[in-house]
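Residue numbers are given in my numbering: position 158 of the sequence shown equals residue 156, and the series is strictly consecutive.
In this text, a Cβ means the ideal position worked out from N, Cα and C, and glycines have one as well.
Fair warning: this is a prediction, and the values are worked out from it, not measured in the lab.
Structure first, commentary second.
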Amino acid sequence: MKNKTVKGIIALAVVTALSFAVIIGSNQLSKNMTAGTQGETAEITEELDVSGTEQIDKAAKTESGYVVTVREKGYGGDIVMNVSFDETAASVTKLEITEQNETEGLGSKITEEAFLEQFNGISAPVTLPGMDAGDSSAENSSDNSAVLDALDQAKLSDGTFTAKGEPDSNGFTEEVTLTVKDGKITEVNWDGITEDGTKKSVMSENGEYVMTEDGPTWKEQAEALADALIENQSLRFLTTNAEGKTDAVSGVSIAVGSFISLTEDCLAQSGNVDLNALTADRNGDSENGSDTASDNDSAIDAVSGATVSSTAVVNGINRAYEFLQTVK
């Protein structure tokens, strides 16, 4: 009987030890994230807080610098990328595209080594030809001119129109609802809604979703954008910089790219405009150009025929860089 008890205790001790070994090994494995160059991995030393940030899925400090996972809207949907930086958080050491649904043979080329290797060792912020560092409003405005022209010229039908995006890393599905009466935009609502119905606007109002400690809440900024759209009756006023932010509306510091794209969708529904045809033309415009880099040391070559996809990658890198400047 005594021997059986001893054997049972020993067996239990062995199982417990093995369990701890598995847990420790799993935790150690989870702390390894690809970073650096030439396929090296750098161990994560500190997870960075990304709560309240737009389009930053996760970020961490590593043995050799930093790594940020960021998503940007591409031509075919979200492009998700891991951007690794050196210890100064200013020089890109590696770029990985982990998710993308860009056009095969065009935008999908952002995953090819010929495109990715341009970013190794480049200083942020990064630019494309014709884009000034930190300010791409002119490029974004002209790149979207065909869509804006079509929407401005369309005769809007009365009704209420809704457009939804894809769920983001925080579980919010962004949604714009736009009402047209007598051919004019009379009401606009922009919000993010979780699967259980929780609204970002309500969370921000209650202090559960904080963008800034001393500025307008997310809800107040969303309402300011809506009011500006109703006043202007067009999206043409809403230019953005490389980080997807705008100076066009006072007090608005959040990224507005999703608001623009979802509002375009609503207006297209009302005006019977084929956005797919227009954006396809826009994505192929650069096939007629050289797409070569400028003299700027931080400028890179875009993928020929895929300006939208290339711009999304650049914007993602710059968003990651801007985030690190606030936390390092």
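Nearest to Val78 by alpha-carbon distance, out of Ser199, Ala58, Gln323 and Asn99, is Asn99. Put simply, the backbone Cα of Trp216 is about 32 Å away from that of Lys92. Between Glu262 and Val186, the beta carbon gap of about 13 Å keeps them out of contact (Cβ cut-off 8 Å). Glu173 is positioned such that its CB atom lies closer than 8 Å to that of Thr160. The C-alpha of Ala266 lies about 14 Å from the C-alpha of Lys162. DSSP places Tyr319 in the helix class (H, G or I) of the three-state scheme. Within the same chain, Tyr207, Val208 and Met209 come within 8 Å of Gly50 by CB-CB distance, once the 5 residues on both sides are set aside. Going by DSSP, Asn187 is part of no alpha helix (DSSP H) but of the beta strand (DSSP E) stretching over Lys182 to Ile191. Contact check for Leu227 against Ala148 fails: the beta carbons are separated by 8 Å or more. If you draw a straight line from the Cα of Asn313 to the Cα of Asn142, it comes to about 16 Å.
Gln53 is a Cβ neighbour of Val68, given a cutoff of 8 Å. With contacts defined as CB atoms closer than 8 Å, Tyr73 and Val306 qualify as a contacting pair. When Leu273, Ala304, Glu320 and Ala220 are compared, the shortest CA-CA separation from Leu104 is found for Ala304.
Ala87 places its beta carbon less than 8 Å from that of Tyr64. In this structure, DSSP gives Leu265 a helical state, which the three-state scheme calls helix.
Following the DSSP letters along the chain, one finds Glu218 in no beta strand (DSSP E) but inside the alpha helix (DSSP H) bounded by residues Trp216 to Asn230.
By the 16-neighbour rule on beta-carbons within 10 angstroms, Thr238 is buried. Residue pairing from DSSP places Asn80 in a beta bridge opposite Thr67 and Glu94. Per DSSP, Val174 is one residue of the beta strand (DSSP E) stretching across Thr171 to Lys179.
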